[in-house]
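For reference, the structure discussed in these notes is given below.
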Amino acid sequence: MFHKKMMLTVAMTAVGALALAACGGGSDDSNGASSESASTINVLIGSSGDAETKAVTDAVAAWSTESGVKAKVSVASDIAQQLSQGFASGNPADVFYLTNDTIATYASNGSLDPFVEGLSNKDDFYPTIMDSFTYDGQVYAAPKDFSTLALIINSDKWAAAGLTDADIPTSWDELSTVAAKLTTGDTVGLSISPEFARVGAFFAQNGGWLVDDKGAVTADSPENVEALTYVQSLLTSGSMKYASEVGAGWGGEAFGTGAAAMTIEGNWITGALTNTYPDVKYTVAELPAGPAGKGTMQFNGGWGIAADSQNKDNATKLVEYLTQPTQQLTFATDFGVMPAVVSTADQWKTDNPALAPFIEGADYAKSIPNIVGIKDVIDELNSQIQSLSTGDPKTILESTQTNLESISK
Amino acid sequence: MTASELQHTVPEVRSAKNRRFDKLARRSRYSGILVYIALGILALVYIYPFLISIANSFKLDPDAAANPISLIPQTFSTEALQRLFEADFPTWFKNSAIVTVVVTSGRVFFNSLAGYALSRLRFPGRGLVFALLIAVMSVPSVVLLIPKFLVINELGMYDTYAGMTIPLLADAAGIFIMKNFFESIPASVEEAARIDGAGVFRRFWSVVLPMARPALVTIFILSFQGSWNEMSHMIISTQSPELFTLTKGVAQLASGALSAGTQYPIKLAAATIMTIPVAVLFFIFQKKIMNSSDGAVKE
Amino acid sequence: MMKRLKKPKEGGAHGHEAVAGWLFISPMVIILGLFLVIPVLMAAWVSVSDWTGRGSPFASTVNFVGTDNYAKLLTEPGLAQSDFGMSIKNNSYYVLLVIPIQTALSLFLAVMVNRRVLKGRGFFRTAFYFPSVTSSVAITVIFLFLFSTTGAVNKALHAIGVNGPQWFSDPKGILHMALGNMGIDTPPAALAGHGFLGNSWWQWLSGPSPAMCVFIIMAVFTTSGTFMLLFISALQNLQGEVEEAGIMDGASGWQRFWHITLPMLKPTTFTVLTLGLIGTWQVFDQIYVGTKGNPSKTTLTPAYLSYSSSFQNNQWGRGAAIAFILFAIIVAMTILQRIVLRDRKTLPKRKRFYRDGPPSAVVPATPTSPLVPTASGAQMDDSTPGEGDQR
Chain A
1 MFHKKMMLTV
11 AMTAVGALAL
21 AACGGGSDDS
31 NGASSESAST
41 INVLIGSSGD
51 AETKAVTDAV
61 AAWSTESGVK
71 AKVSVASDIA
81 QQLSQGFASG
91 NPADVFYLTN
101 DTIATYASNG
111 SLDPFVEGLS
121 NKDDFYPTIM
131 DSFTYDGQVY
141 AAPKDFSTLA
151 LIINSDKWAA
161 AGLTDADIPT
171 SWDELSTVAA
181 KLTTGDTVGL
191 SISPEFARVG
201 AFFAQNGGWL
211 VDDKGAVTAD
221 SPENVEALTY
231 VQSLLTSGSM
241 KYASEVGAGW
251 GGEAFGTGAA
261 AMTIEGNWIT
271 GALTNTYPDV
281 KYTVAELPAG
291 PAGKGTMQFN
301 GGWGIAADSQ
311 NKDNATKLVE
321 YLTQPTQQLT
331 FATDFGVMPA
341 VVSTADQWKT
351 DNPALAPFIE
361 GADYAKSIPN
371 IVGIKDVIDE
381 LNSQIQSLST
391 GDPKTILEST
401 QTNLESISK
Chain B
410 MTASELQHTV
420 PEVRSAKNRR
430 FDKLARRSRY
440 SGILVYIALG
450 ILALVYIYPF
460 LISIANSFKL
470 DPDAAANPIS
480 LIPQTFSTEA
490 LQRLFEADFP
500 TWFKNSAIVT
510 VVVTSGRVFF
520 NSLAGYALSR
530 LRFPGRGLVF
540 ALLIAVMSVP
550 SVVLLIPKFL
560 VINELGMYDT
570 YAGMTIPLLA
580 DAAGIFIMKN
590 FFESIPASVE
600 EAARIDGAGV
610 FRRFWSVVLP
620 MARPALVTIF
630 ILSFQGSWNE
640 MSHMIISTQS
650 PELFTLTKGV
660 AQLASGALSA
670 GTQYPIKLAA
680 ATIMTIPVAV
690 LFFIFQKKIM
700 NSSDGAVKE
Chain C
709 MMKRLKKPKE
719 GGAHGHEAVA
729 GWLFISPMVI
739 ILGLFLVIPV
749 LMAAWVSVSD
759 WTGRGSPFAS
769 TVNFVGTDNY
779 AKLLTEPGLA
789 QSDFGMSIKN
799 NSYYVLLVIP
809 IQTALSLFLA
819 VMVNRRVLKG
829 RGFFRTAFYF
839 PSVTSSVAIT
849 VIFLFLFSTT
859 GAVNKALHAI
869 GVNGPQWFSD
879 PKGILHMALG
889 NMGIDTPPAA
899 LAGHGFLGNS
909 WWQWLSGPSP
919 AMCVFIIMAV
929 FTTSGTFMLL
939 FISALQNLQG
949 EVEEAGIMDG
959 ASGWQRFWHI
969 TLPMLKPTTF
979 TVLTLGLIGT
989 WQVFDQIYVG
999 TKGNPSKTTL
1009 TPAYLSYSSS
1019 FQNNQWGRGA
1029 AIAFILFAII
1039 VAMTILQRIV
1049 LRDRKTLPKR
1059 KRFYRDGPPS
1069 AVVPATPTSP
1079 LVPTASGAQM
1089 DDSTPGEGDQ
1099 R
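Protein chains in written order, with our numbering: chain A, 1 to 409; chain B, 410 to 708; chain C, 709 to 1099.
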């Protein structure tokens, strides 16, 4: 019967089309790991810009040529989300960026491979960075670089306010004074991003931190309360405003557009200023010391390898290549990070004399503790910090204490 | 106004009927002007944001920051557009187009097949399918984000075009529209074809479907708009930059990629360009959408 | 809904139709099953499991944890609970403000542009409807620009002597701001000491933050056009009836609208409210593109929290549990709204008007009441154009 046949044909076509679409997508156009041979190393990075992307791509390509193993670099828009999805899909990138505040979360569910023990250059790295990558006694990322916070000063505005090098603040009082002096008209003296990753430096300067050396939670210690109260006083005096309050996305933008005369940022700001605001002249100074001495925050970047990687040997070799001192120095020049290898510190200082305050900070910097679920707690603290001008420092830190205790059992 | 108040006002209105009519006529002239002014202002409020975004696409950063309201750039610049096209923007556009074409054509075809079956054909399990349809319609799409990712993942469709498009073919509401429309076509139209010995598919394809053009257009419009504008599904079904659609790409742009800071011209240019295809669709089918909202609704 | 099922005439055709029917419907059944039914079942499992996002959720290493994930959100004090409470609070203000405004505005627009005497009706309809067709991503980008601290809106406000707020960075709720202006800065002990879902009553009463207000304005901006079209089509359907009734009564335009048109529009209003309720609980795109929940979590919504718990913090069970609670909220609200509106219908305003109103001579042969209790079929039809736009 003609019509029956035709009907069947069409229905089959319909189902077939679906199947085809399913297969077609998988095999032709996708660049997902699934479609490529297992011998290709997929590298996932979160890039600060074109310079970083190019530097990493070039380095990986150079390794590919040398080793004969194919490798491909992808830039993630939201690396946390893409890593989570990758781990859940059982088909993650082989090698990827990790930061010290996410390691515990991924390590705790077995997504990461503890490959660092096997690295030939594992003793070259800063021990503090290695510590911050340690979860349950094992190191899950190979240090690739680190950043610290420093005080960035707009030289022109500084001079215009009648200030000299001798006035660079070395204490909280001096910071308040210069910030007030620099606050004029449309310019605010100091502007920072409203987050713990900036404000935390003041905790360190007052001898406080979220946890003590033994790992006990000390978020609501008197030192921390005092530090947060000081930050609050800067806000209420009007000589410090959050970047969002001056219409900027982050401290560097507030600084670059001239809305702020000073900001507290990490060494990544140098790249942004060079590229986006080349006309702004600036000085980098160590953060002022607090009552308990110098203090800053440190952010560590590393290379991680997925536990589900099909190609761990080659992935490890690639990471070894990318973390060797010469390569780290190249990255440092290309996109303004500081190498995580002890032996290169002097070289880096010579190369970047103006940025020396950043690397000095490494001696006394604190890192965000790596505890499973720390991101939630910091997010909550950030949200409290955003409304700090009307909040109560003690109450804020008490709630942080409770939240931290609940995850660090 | 309560009922008892009305009791008083209404007879009064009647007794003064003639006088009142004159007054009404006069008043309506004034109120007519007022209505135009009010609607004019409202229309401006609705349109101005789009004009602003077009204008600011052609400004330089400082100009856009300093004069956001102005519709005329101080210096006319296509820098933002150039930067967009140097970036992945063309890829995003291509992917959006692929998704839209596949999903729209797929929905039009499968929805009409299913709608026809549900309205015209008797088969065992029809009631069950119908009940299933109503049940799944009530599940909000946002609730499905996580589970859809899980299934796409289990099926090995994660990060592929298949994963981006096939799940979007599910369109219970569209089946409903088609089903209702087919039900409004008298069964007798198929009689002649049936007597000629045409099979089910032939009757569907060459007799009933051509009569369902208005409903097909409705599905077409809704699917085009829906899939072009779809974001959340793209977030959970892909990760490679090569598979970004406009929605995902522009969302990423908005949160700071490509530029360290708030470079509005480039973002607004992206927003403007991604609006163009739906705007074109809208103007092509304007009559259809506007006059017969009952077209979309009543069919 | 009309049923025009024809009886098969030949015996053979019956089986034939059965095969055809299944063939016709199978693609959609497969797709709906795979991407709607199975996902829901899978998520149900994940929401009661301790799956941490690695490998298959059905692997043997994944354990059943009962209602742990739900308890963390609903009953155990902690960050998970207070975040969830915060998101519910934020979204409640969104729902409470968006639904009445969008319904009233779209009805107003519909009545205005439906007037026969109005010239340029097409233009106005186009203008009001256009935002509804554009992508939520594009609109969010535009609104971020309009409402930035030194943006267009604040510039315009400045021109008329008003200091606009820091739309996207001020975390204070507008009710708290208003109370602050009246000198009430510290919460009464009764409100501060007790609370619900990890937030004190004082926090619950904060009102939406300026950032949330921007999203509320945006929602009204993008949905009023769609709902306007629904109202227009309803108005067109009962145009003759209304005029007839109105002329007979000699009622003024306002009276005619209030006592005749509005009651007749009840089914459409009902649809608009239902769609509004479903849509406003699913705020995701705007938050993802615009604020990621900032400032101070005042734009966190359950939908976004569900996403970020799972995809960013690896709390897959918690994320799935939030999704199910959200689903339950939407269903409960819709049912509640149905019950509330159904009760009112027992005494329609129009009937009251006639019963107590003008003397019998003026009362025309009452047209059959359009207030036929909403056929759910009609609801379904209406629901399609709106659904996509709300998100």
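Glycine included, every Cβ here is placed at the ideal spot set by N, Cα and C. The structure displayed is predicted, hence computed values, not measured ones.
Since residue i meets chain C, which of its residues come closer than 8 Å, beta carbon to beta carbon?
i	result
B:Asn465	Phe853
A:Val246	Thr857
Note down the Cα distance separating residue i from residue j, rounded to an integer number of angstroms.
i	j	result
A:Gln232	A:Gln401	19 Å
A:Phe115	A:Ala107	12 Å
C:Tyr801	A:Ala261	38 Å
A:Val337	A:Leu98	15 Å
C:Ile986	A:Ser244	33 Å
C:Trp753	C:Gly793	23 Å
B:Lys557	C:Phe743	6 Å
A:Ala33	B:Ala473	Bear in mind that a pLDDT of 40 at A:Ala33, under 50, signals an unreliable position, so the number given afterwards is only what the model happens to contain. C-alpha separation (whole angstroms): 41 Å.
C:Val748	C:Ser757	14 Å
B:Leu631	C:Gln994	21 Å
A:Lys281	A:Ala150	16 Å
C:Thr976	B:Asp470	46 Å
B:Leu677	B:Ala660	12 Å
A:Ser367	A:Thr283	24 Å
A:Ile407	C:Phe1032	25 Å
Does DSSP put residue i in a helix, a strand or coil?
i	result
C:Asn771	coil
B:Ser479	coil
B:Ile594	coil
A:Gly207	coil
A:Ala219	coil
B:Leu527	helix
A:Ile153	strand
C:Gln1020	coil
A:Ser77	coil
B:Ala464	helix
A:Trp303	strand
B:Thr484	coil
C:Phe838	helix
Nearest to residue i by alpha carbon, out of the options?
i	options	result
A:Ala362	A:Leu322, A:Leu287 and A:Ile378	A:Leu287
A:Lys144	A:Lys157, A:Trp158 and A:Tyr126	A:Tyr126
A:Ser237	A:Asp101, A:Asp173 and A:Pro339	A:Asp173
A:Leu318	A:Leu83, A:Phe96, A:Ser47 and A:Asn91	A:Phe96
Could you tell me which chain B residues have their CB closer than 7 Å to the CB of residue i, listed as they occur along the chain?
i	result
C:Gln911	Those within 7 Å of C:Gln911 in chain B number zero; the least Cβ separation is about 25 Å.
A:Ser74	Ser649 and Pro650
Which residues of chain C have a Cβ atom closer than 7 Å to the Cβ of residue i, listed in chain order?
i	result
A:Glu265	Within chain C, no residue comes near A:Glu265; the closest Cβ sits about 18 Å away, beyond 7 Å.
B:Asn638	Ser843 and Ser844
Spell out whether any CB of chain E is found under 7 Å from the CB atom of residue i.
i	result
A:Lys375	Any reference to chain E falls outside this structure, whose protein chains are A, B and C.
Run down chain A in chain order and give the residues with a C-beta less than 7 Å from the C-beta of residue i.
i	result
C:Gln1020	Ala80, Gln81 and Ser84
B:Asn562	Ala88 and Ser89
What residues of chain A sit near residue i, judged by a beta carbon separation below 8 Å?
i	result
B:Tyr455	Those do not exist, as B:Tyr455 stays about 26 Å from chain A at its closest Cβ, beyond 8 Å.
Since residue i meets chain A, which of its residues come closer than 9 Å, beta carbon to beta carbon?
i	result
C:Phe792	Chain A residues near C:Phe792: none, gap ~12 Å exceeds 9 Å.
Using a Cβ distance threshold of 8 Å, determine whether the segment 622-641 of chain B contacts the segment 528-546 of chain B, with at least three qualifying pairs required.
no
Decide if the segment 269-284 of chain A is in contact with the segment 180-199 of chain A; the criterion is three or more beta carbon pairs, one per stretch, under 8 Å apart.
no
The segment 296-311 of chain A contacting the segment 192-205 of chain A, beta-carbon criterion three pairs below 8 Å
yes
Any contact between the segment 907-917 of chain C and the segment 892-899 of chain C? By contact I mean 3 or more CB pairs, one from each, below 8 Å.
yes
Report yes or no: do three or more beta-carbon pairs, one from the segment 803-813 of chain C and one from the segment 1004-1016 of chain C, lie closer than 8 Å?
no
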